[in-house]
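S.K.: Under UniProt numbering, the first residue of the sequence shown carries the number 1, and numbering increases by one thereafter. First the structure, then my questions, so here it is.
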Amino acid sequence: MIRKRLVRERVKKGLTQKQVAEILGISEVFVRKIEKGTANPGRKTMLKFELLYGISDRELFPDLFYVDDDTICIKTKFALEVSR
Numbered sequence: 001m002i003r004k005r006l007v008r009e010r011v012k013k014g015l016t017q018k019q020v021a022e023i024l025g026i027s028e029v030f031v032r033k034i035e036k037g038t039a040n041p042g043r044k045t046m047l048k049f050e051l052l053y054g055i056s057d058r059e060l061f062p063d064l065f066y067v068d069d070d071t072i073c074i075k076t077k078f079a080l081e082v083s084r
């Protein structure tokens, strides 16, 4: 899943992935993977992106803060464990 907001903010500032990597002190490949959503940043790296773009980490990385409200699966699993 491409993190569109992250890419949009980089482009809005007129930065390349290489420039972002240099500013944040990470590799260009890692920036590319983070933007594509194939790699997740650690907390420190998320904060660096937040400071660079002036946008909250929750807005830049919504997929990492998404809460799945799948209570049916939890209830089913609990019922199976109790019945054993």
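Using N, Cα and C, we set each Cβ at its ideal position, and we do this for glycine too.
Grab the span of the alpha helix (DSSP H) containing Tyr66 for me, first residue to last.
M.R.: The residue you call residue 66 lines up with position 66 of the sequence shown. From DSSP, Tyr66 is part of no alpha helix (DSSP H); its letter is neither H nor E.
S.K.: Tell me the rounded alpha-carbon separation between Ile55 and Val29.
M.R.: Position 55 of the sequence shown, counted from the start, is the residue given in the question as residue 55. Position 29 of the sequence shown, counted from the start, is the residue given in the question as residue 29. Distance between the alpha carbons of Ile55 and Val29: 22 Å.
S.K.: Am I right that Tyr53 and Glu22 are in contact with their C-beta atoms under 8 Å? What's the rounded C-beta distance?
M.R.: As a first step, residue 53 is located in the sequence shown; it is residue number 53 there, counting from the start. As a first step, residue 22 is located in the sequence shown; it is residue number 22 there, counting from the start. Between Glu22 and Tyr53 the Cβ distance is about 15 Å, and since that is not below 8 Å, they are no contact.
S.K.: Less than 8 Å between the CB atoms is what I'm expecting for Thr45 and Leu24, so what's the real figure, rounded?
M.R.: The residue labelled residue 45 in the question sits at position 45 within the sequence shown. The residue labelled residue 24 in the question sits at position 24 within the sequence shown. That pair is a contact at about 7 Å.
S.K.: In whole angstroms, what is the alpha-carbon distance linking Arg3 and Lys36?
M.R.: Along the sequence shown, one-based indexing puts residue 3 at 3. Along the sequence shown, one-based indexing puts residue 36 at 36. Going by the C-alpha atoms only, they are around 6 Å apart.
S.K.: Given Leu60, which residues of its chain have a CB within under 8 Å of its CB, disregarding the five upstream and five downstream residues?
M.R.: Residue numbering aside, residue 60 sits at position 60 when the sequence shown is read from its first letter. Cβ neighbours of Leu60 beyond the five flanking positions: Arg3, Arg5, Leu6, Glu9, Met46, Phe49, Glu50 and Tyr53.
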